[in-house]
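Trainee: Protein chains in written order, with the numbering used here: chain A, 3 to 429; chain B, 23 to 189.
Structure, rendered in structure tokens:
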């Protein structure tokens, strides 16, 4: 029944010419195996299959997708919604963009399956506003899917309705947070909502809502076609399947690569990204999961594998899978100053610890970097991190604090040198 | 002086009005407010690349919303320009991945080439130069965006050539 399952899942098509078109997607088996198998099952069976796959949310939080779907009440007095989070904005992350522009139909097929599973008749793809060209590709794909009857009031002739549209963001990192995204989708400024209630119960316009990342949804067609058990055999325990890693920074061949989870970080960098610029010994550290994840030292990079547990054990996070490689020419304090400026800029201003704290972090780190560090500054930064983490409505505060605490933990001597000498020990 | 406020009282063209109908259809009829963001994008394209106070007033009237409600959204998101921008809005990413790949050199080259600083518009209204946060093209760093298009894997020399070739 299962003809040679692919080794690549989400990126299987993207190197084909015109991979974004409906005809190429269908030639590769699209809108057939996955969605038809799903529609032949009950919604509960589809959710069961996704649970069996073990796939965890690829946007950064890593919550099991099947369990998320199962939280949606079967019967609801309010309409249910499915939302795809394509607000890819975590610095270092650029994997979803290639799905949007090179294989939008895979995402649409995944959304049809997800909508059927949770009983949503309307869905949105929330694409960051800067991805205007990508959004045009997706909109064309949606039109083509409507024309074929894959979307609309009677999808695949099954008497089921699913309408899908793009909603373009307009520049705000915080809208990647799912409740800020919902606010933005409702036509408001993107400020996160207090949880609970969670979107599964009270989401878009008050209706039960599932929000999944692009990569997660694009993995769904193959999970249904080849089975959750097949998917669960890929990768490692608790980190099943494949993951796309965006490898940027000081490597010889930066790029997006889809590999099985659990690959050693060193292998990923050396075999897929052409190695560290100047050789492995020139490596200073790696930010393994987007700018909010704490930096790993070279020593940690020697042994860590790219799965949720291993990276957590090393003191960081898999996050969105954005691997930012930093060589020895870089001053950690200066790099951190840049990262902290970003979080200060993106704080939505709703919660005091984040609004004020991100400003303080950025100012103090910038001051230390510029040679104006004072005794006690490092401890003040640590205290600030503690006063932000866990004390805000959404995780942006934590995202701002974690890289600061992490950089100080891993490279404290550089901070101390900066404060004591008023200059960098690196440059 | 360049052509000051081409649209003293902005009105959507018939084509734009058709587009607004398509936008409204994306949302349940009882949630027309959801169309505010795409309508603002459309208004910005239609009325000179920015949202002048009179454009915001017009969108408010068009959407049947209070102007402050529209202004609140327009001022929250960075892509809505509340100040006039040049014909070419050049936005250079300087976030971590681009920064590691020397986006500073791109910024400095552009400052020098265009004779303007970050956040400034050239006197002839042709260029606005700005720094932006991560644009999500990190494996092709450094990069920048000019209006709707990304330009990736850049060198300072290429950037100079690109500017020379803009129509």
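Glycine included, each C-beta is placed from N, C-alpha and C at the ideal position. As the structure is a computational prediction, the values presented were derived from the model and not from experiment.
Identify the residues that DSSP records as bridge partners of residue 152 of chain B: which are they?
Mentor: For the purposes of this step, residue 152 of chain B is taken as residue 130 along the second chain, with counting starting at 1. BP columns for residue 152 of chain B point to B:113.
Trainee: Per the DSSP calculation, residue 124 of chain A is bridged to which residue(s)?
Mentor: Numbered from 1 along the first chain, position 122 holds the residue referred to as residue 124 of chain A. DSSP lists A:83 and A:165 as partners of residue 124 of chain A.
Trainee: Under 7 Å Cβ-Cβ, which residues of chain B neighbour residue 191 of chain A?
Mentor: Mapped onto the first chain, residue 191 of chain A falls at position 189. Correct list: 94, 95 and 98.
Trainee: Name the residue from B:74, B:33 and B:174 whose alpha carbon lies nearest to the alpha carbon of residue 159 of chain B.
Mentor: Walking along the second chain from the start, residue 159 of chain B turns up at place 137. Measuring from the Cα of residue 159 of chain B, the nearest candidate turns out to be B:174.
Trainee: Residue 408 of chain A to residue 74 of chain B, Cα distance in whole Å?
Mentor: Within the first chain, residue 408 of chain A is the residue found at index 406, counting from 1. Within the second chain, residue 74 of chain B is the residue found at index 52, counting from 1. Each residue's Cα considered, the two are about 43 Å apart.
Trainee: List the residues that DSSP assigns as beta-bridge partners of residue 257 of chain A.
Mentor: Walking along the first chain from the start, residue 257 of chain A turns up at place 255. Residue 257 of chain A pairs with A:249.
Trainee: Please classify residue 5 of chain A: is it buried, with 16 or more other beta-carbons within 10 angstroms of its beta-carbon, or exposed?
Mentor: The sequence position of residue 5 of chain A within the first chain is 3, counting from 1. Residue placement at residue 5 of chain A cannot be trusted, given a pLDDT of 49 that sits under 50; what the coordinates show is reported in the next sentence. Its Cβ having fewer than 16 others within 10 Å, residue 5 of chain A is exposed.
Trainee: Find the nearest neighbour of residue 329 of chain A within the set A:363, A:287 and A:344, judged by alpha-carbon distance.
Mentor: Sequence index remark: in the first chain, residue 329 of chain A carries index 327 (1-based). Residue 329 of chain A has its Cα closest to that of A:287, out of A:363, A:287 and A:344.
Trainee: Looking at the structure shown, is residue 5 of chain A part of a helix, part of a strand, or coil, going by DSSP?
Mentor: Reading the first chain from its first residue, position 3 is the one you call residue 5 of chain A. The predicted model places residue 5 of chain A with a pLDDT of 49, which falls under 50 and marks its position as unreliable; any figure quoted below should be read in that light. Residue 5 of chain A: coil per DSSP, three-state reduction.
Trainee: Check the Cβ of residue 167 of chain B against every Cβ in chain A and list those closer than 7 Å, keeping chain order.
Mentor: Working through the second chain from its first residue, we reach residue 167 of chain B at position 145. Near residue 167 of chain B (Cβ distances below 7 Å), the residues of chain A are 132.
Trainee: Using the Cα positions of residue 217 of chain A and residue 423 of chain A, report the straight-line distance between them to the nearest angstrom.
Mentor: What you label residue 217 of chain A is simply residue 215 of the first chain in a count that begins at 1. What you label residue 423 of chain A is simply residue 421 of the first chain in a count that begins at 1. If you take the alpha carbons of residue 217 of chain A and residue 423 of chain A, they lie about 46 Å apart.
Trainee: State yes or no: is the C-beta of residue 427 of chain A within less than 8 Å of the C-beta of residue 295 of chain A?
Mentor: Looking up residue 427 of chain A in the first chain gives position 425. Looking up residue 295 of chain A in the first chain gives position 293. No.
Trainee: In three-state terms, what does DSSP make of residue 352 of chain A?
Mentor: To locate residue 352 of chain A, count along the first chain from 1; it is residue 350. If DSSP states are grouped into helix, strand and coil, residue 352 of chain A belongs with coil.
Trainee: Hey, how far is the Cα of residue 94 of chain A from the Cα of residue 31 of chain B?
Mentor: Working through the first chain from its first residue, we reach residue 94 of chain A at position 92. Working through the second chain from its first residue, we reach residue 31 of chain B at position 9. Their backbone Cα atoms lie some 43 Å apart in a straight line.
Trainee: Quick check on DSSP: helix, strand or coil for residue 19 of chain A?
Mentor: Residue numbering aside, residue 19 of chain A sits at position 17 when the first chain is read from its first letter. Three-state DSSP puts residue 19 of chain A in coil, outside helix and strand.
Trainee: Give the residues of chain A in contact with residue 72 of chain B, contact being defined as C-beta atoms less than 9 Å apart.
Mentor: Within the second chain, residue 72 of chain B is the residue found at index 50, counting from 1. Within 9 Å Cβ-Cβ: nothing; residue 72 of chain B doesn't reach chain A, min ~13 Å.
Trainee: Where do the ends of the alpha helix (DSSP H) carrying residue 126 of chain B lie?
Mentor: Start at 1 with the first residue of the second chain, and residue 126 of chain B comes out as number 104. 125 to 136 is the extent of the alpha helix (DSSP H) around residue 126 of chain B.
Trainee: Which bits of chain B does residue 410 of chain A rub up against, with CB to CB less than 8 Å?
Mentor: As a working mapping, residue 410 of chain A is identified with position 408 in the first chain. The premise fails here: residue 410 of chain A is roughly 17 Å from chain B at the closest Cβ pair, so nothing lies under 8 Å.
Trainee: Report yes if the C-beta distance between residue 298 of chain A and residue 316 of chain A is below 8 Å; otherwise report no.
Mentor: For the purposes of this step, residue 298 of chain A is taken as the residue at position 296 of the first chain. For the purposes of this step, residue 316 of chain A is taken as the residue at position 314 of the first chain. Closer than 8 Å, so yes.
Trainee: Please identify the residue among A:320, A:196, A:106 and A:152 whose C-alpha is closest to the C-alpha of residue 138 of chain A.
Mentor: Stepping through the first chain from its first residue, residue 138 of chain A is reached at position 136. Of A:320, A:196, A:106 and A:152, the residue nearest in Cα terms is A:106.
Trainee: For residue 298 of chain A, does the three-state DSSP call read helix, strand or coil?
Mentor: To locate residue 298 of chain A, count along the first chain from 1; it is residue 296. Residue 298 of chain A falls in the strand class under three-state DSSP.
Trainee: Taking C-beta pairs closer than 7 Å, name the residues in chain B that residue 173 of chain A reaches, listed in chain order.
Mentor: Stepping through the first chain from its first residue, residue 173 of chain A is reached at position 171. Near residue 173 of chain A (Cβ distances below 7 Å), the residues of chain B are 99, 100 and 101.
Trainee: Are the CB atoms of residue 406 of chain A and residue 342 of chain A within a distance shorter than 8 Å?
Mentor: On the first chain, residue 342 of chain A is found 340 positions in, with the first residue counted as 1. On the first chain, residue 406 of chain A is found 404 positions in, with the first residue counted as 1. Going by C-beta atoms, residue 342 of chain A is nearer than 8 Å to residue 406 of chain A.
Trainee: Does residue 332 of chain A get closer than 8 Å to chain B when you measure Cβ to Cβ?
Mentor: For the purposes of this step, residue 332 of chain A is taken as the residue at position 330 of the first chain. Yes, residue 332 of chain A lies at the interface with chain B (some Cβ there is under 8 Å from its Cβ).
Trainee: Check the Cβ of residue 171 of chain B against every Cβ in chain A and list those closer than 8 Å, keeping chain order.
Mentor: For the purposes of this step, residue 171 of chain B is taken as the residue at position 149 of the second chain. Result: 135.
Trainee: Taking contact to mean at least 3 C-beta pairs separated by less than 8 Å, is the segment 158 to 169 of chain A in contact with the segment 242 to 257 of chain A?
Mentor: Short answer: they don't touch.
Trainee: Give the C-beta separation of residue 263 of chain A and residue 308 of chain A to the nearest angstrom, bearing in mind that I take them to be a contact with Cβ-Cβ under 8 Å.
Mentor: By one-based count along the first chain, residue 263 of chain A stands at place 261. By one-based count along the first chain, residue 308 of chain A stands at place 306. About 6 Å separates the two Cβ atoms, so the contact holds.
Trainee: Helix, strand or coil for residue 343 of chain A? Go by DSSP, reduced to three states.
Mentor: Stepping through the first chain from its first residue, residue 343 of chain A is reached at position 341. The answer is helix: DSSP assigns residue 343 of chain A an H, G or I state.
Trainee: If you compare alpha carbons, which of A:204, A:172 and A:146 is closest to residue 192 of chain A?
Mentor: On the first chain, position 190 is the one that residue 192 of chain A refers to. Measuring from the Cα of residue 192 of chain A, the nearest candidate turns out to be A:172.
Trainee: With DSSP as the reference, please indicate the residues paired to residue 129 of chain A in a beta bridge.
Mentor: Counting from one through the first chain, the residue named residue 129 of chain A turns up at place 127. Per DSSP, A:88 and A:170.
Trainee: Taking 8 Å as the CB-CB limit, is residue 188 of chain B close to chain A?
Mentor: As a working note, residue 188 of chain B is residue 166 in the second chain. So no, residue 188 of chain B is outside the interface.
Trainee: Suppose only complete runs of 4+ residues qualify. What are the alpha helix (DSSP H) ranges in the segment 70 to 116 of chain B, listed by chain order?
Mentor: Here the runs fully enclosed are 75 to 85 and 89 to 98.
Trainee: Quick one: Cα of residue 135 of chain A to Cα of residue 416 of chain A, how far?
Mentor: For the purposes of this step, residue 135 of chain A is taken as the residue at position 133 of the first chain. For the purposes of this step, residue 416 of chain A is taken as the residue at position 414 of the first chain. About 42 Å.
Trainee: Once DSSP output is grouped into helix, strand and coil, what is the label at residue 193 of chain A?
Mentor: Taking the first chain and counting its residues from 1, one reaches residue 193 of chain A at position 191. In this structure, residue 193 of chain A counts as coil in the three-state DSSP scheme.
Trainee: Please work out which residues of its chain come closer than 6 Å, Cβ to Cβ, to residue 53 of chain A, disregarding the five sequence neighbours upstream and downstream, and give them in chain order.
Mentor: As a first step, residue 53 of chain A must be located in the first chain, where it is residue number 51. Taken in chain order, the residues that qualify are 68.
Trainee: Residues in the same chain with beta-carbon distance under 6 Å from residue 11 of chain A, minus the five sequence neighbours each way, listed in chain order, please.
Mentor: Here residue 11 of chain A is taken as the residue at index 9 of the first chain, counted from 1. So the qualifying residues of the chain are 221, 224 and 244.
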